[in-house]
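Notes for the one structure printed next.
In this note's numbering, the protein residues as written are 1 to 425.
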C-alpha cells in the first residue's frame, strides 16, 4: 500500500506536462551548449594521440621522446614543402603564418592535399605543446600565492579580521601548492586551457547551466507534489484521516526521489553528449591540477584528484545540493498556497541569501560564514575543491556546506511534518 502510494505520487510528479516540457527544453539547451565548440574536436584529438603514444606524465623520457618525434615530423614537413613549393620552415607554425598561408594554400589550393595540410596543422599543435612544456617550471617558480592573497584583499577591500582570514587561507593553499609541485601533479598533459578552456566548458558552462535547470525542476516538482491536493481542493478529503496526514512524509520522500531521477536524466544526457563529442581517452587519470588545465590561473586542488575523480566529485555535489533545494522547497510549500508561489518564494530566498552576503562588512569574518549556503555553492562548479577566490578558498568548503545544511534541513523538515499533523487544513 505504502509503495503503491509513493509510486503514484512519483508518477504524478514526473509526468506533469510542464516538467516533461522543461526536461526536453533543458536537454536541447545543453545539447547546444556542448556542440557550440565541436569544431575544436580535431585540434583536441591531437592531444589524445600524443598521450596514447607517450603517456601523460611529463618526465625526462617523455620530453626526450617528444622532442625526437617532433624533429622527425618537422623534417617530414620540410621535405614535403621543399618538394612542392621549394620552401622550408624553422617551425611548423610558420607554415600557417598569414602571408605564407595566403600565398601557398589559399592562393594555390591545388598545391597541397588536404591530408598534407591536416598533417601540418597537427604538427603545429604538437609544437605548441612542446614549447609550453619547456616553460612549466618557470611558471610555477614565479607563482606567488601570498601575492594572490593580497590581490584578493585589495580587490574586495578586506580589512581587519577578514583580511587576516584571507591570508591564512592562502597560506594553507601555498602549502598544498608545494605538495602539488613535489608530487609532479602539474607536469602532466591535458587540453591546453588557455586556448580551449575545456575545464570551463564542462564545469562552468555546462554544469553551471545544469545547476539552475535542476533547481527550477526540483522546486517545481516539490511544490507540485506537496501542494497538489490544495490546488485541486481535495485536501479535506485526503488529509482528514490519520493516514492522510502521514501522506506528507510520502510527499517528502517522493520529492527527494524525483529529484534524484531528474538530476540523473539531465546530467546523464548532457555528459553522454559531451563525452561523445570530446574524447577524454587517456586523460581520465590526469591530475586535475595539471598545468595545461589552468586557464587564467593554474588550478590548485586541495587534494590530489584525477580528472575522473573531480568529475565524480562534482556530480555528487550536484546531487546533494539538489536534494537540499528539494527540502527547502518542501518547507516553503507548507507556508505558501500553490506550487508556483513556491518557486517565487524560493527565488526570493535565493536572492536574499546572495544580497545578505553583500551587506556584511568586509572587516568581519561573518562575511565568509554567509557564503556557506547551497545558493552560493552552485555559482562556481568549475572551482569546486580548488582555489576559489577570497570568499571560497577553504579546504572542504563543499562538504562543510552540504553537511551543515543537511542537518539543519533535516531538523526543519521533521519539525514541519510534526507541526503539519496538528495543523488546521
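Where a beta carbon is used, it is the ideal one built from N, C-alpha and C, also for glycine.
Going along the chain, which residues of its own chain have a beta-carbon closer than 8 Å to the beta-carbon of residue i, five neighbours each way excluded?
i, result
"residue 273", "30, 31, 34, 35"
"residue 96", "120, 121, 124"
"residue 225", "9, 12, 13, 251, 254, 255, 258"
"residue 130", "66, 67, 70"
"residue 332", "223, 342, 345, 346, 349"
"residue 136", "58, 186, 187, 291"
Bridge partners for residue i per DSSP, in chain order?
i, result
"residue 57", "188"
"residue 386", "301"
"residue 306", "287"
Please state whether the Cβ-Cβ distance between residue i and residue j is less than 8 Å.
i, j, result
"residue 404", "residue 327", "no"
"residue 306", "residue 299", "no"
"residue 378", "residue 321", "yes"
"residue 40", "residue 196", "yes"
"residue 189", "residue 51", "yes"
"residue 132", "residue 177", "no"
"residue 104", "residue 111", "yes"
"residue 302", "residue 385", "yes"
"residue 375", "residue 350", "yes"
"residue 295", "residue 193", "yes"
"residue 362", "residue 212", "no"
"residue 18", "residue 220", "yes"
"residue 210", "residue 324", "no"
"residue 191", "residue 292", "yes"
"residue 80", "residue 127", "no"
"residue 315", "residue 266", "no"
"residue 318", "residue 207", "yes"
"residue 357", "residue 370", "yes"
"residue 175", "residue 368", "no"
"residue 82", "residue 88", "yes"
"residue 279", "residue 45", "yes"
"residue 334", "residue 277", "no"
Taking the continuous alpha helix (DSSP H) assigned at residue i, which residues delimit it?
i, result
"residue 197", "Segment: none, residue 197 is in no alpha helix (DSSP H) and carries neither H nor E."
"residue 363", "Counting along the chain, residue 363 falls outside any alpha helix (DSSP H), and DSSP gives it neither H nor E."
"residue 378", "Unbroken run through residue 378: none, as it is neither H nor E."
"residue 22", "17 to 35"
Looking only at its chain, what residues have a beta carbon closer than 7 Å to the beta carbon of residue i, apart from the 5 residues adjacent to it on each side?
i, result
"residue 94", "100"
"residue 393", "169, 170, 173, 387"
"residue 364", "161, 162"
"residue 84", "111, 112"
"residue 3", "none"
"residue 400", "372"
"residue 263", "214, 318, 319, 322"
"residue 237", "Confidence at residue 237 is low in this model, with a pLDDT of 48, below 50, so the placement of that residue should be treated as unreliable; the coordinate-derived value is given next. Excluding residues within five positions, none has a Cβ falling inside 7 Å."
"residue 200", "295, 382"
"residue 16", "224"
Following a CB-centred definition, is residue i positioned closer than 7 Å to any heavy atom of the ligand SAH?
i, result
"residue 310", "This structure lacks the ligand SAH; in fact it carries no ligand of any kind."
Given residue i, which residues of its chain have a CB within under 6 Å of its CB, disregarding the five upstream and five downstream residues?
i, result
"residue 222", "255, 326, 329, 330"
"residue 204", "382"
"residue 281", "48"
"residue 411", "none"
"residue 27", "269"
"residue 56", "188, 189, 286"
"residue 308", "284"
"residue 395", "302"
"residue 418", "none"
| said: To test your reading of the DSSP string, which unbroken alpha helix (DSSP H) runs of 4 or more residues are found completely within the segment 253 to 300? | reply: Unbroken alpha helix (DSSP H) stretches of 4 residues or longer found wholly inside the segment 253 to 300: none.
| request: Run through the segment 310 to 347 for me and flag every whole alpha helix (DSSP H) of 4 or more residues, listed as ranges in chain order. | output: Scanning the segment 310 to 347 from its first residue to its last, no whole alpha helix (DSSP H) run of 4-plus residues comes out.
| field | Entirely enclosed alpha helix (DSSP H) segments - the segment 54 to 117, minimum 4 residues | value | Listed in chain order, the complete alpha helix (DSSP H) runs (minimum 4 residues) inside the segment 54 to 117 are 60 to 85, 98 to 101.
| message | Going residue by residue through the segment 133 to 190, where are the continuous alpha helix (DSSP H) segments of at least 4 residues, counting only ones entirely within it? | response | Complete alpha helix (DSSP H) runs here, min 4: 136 to 141, 145 to 156, 160 to 183.
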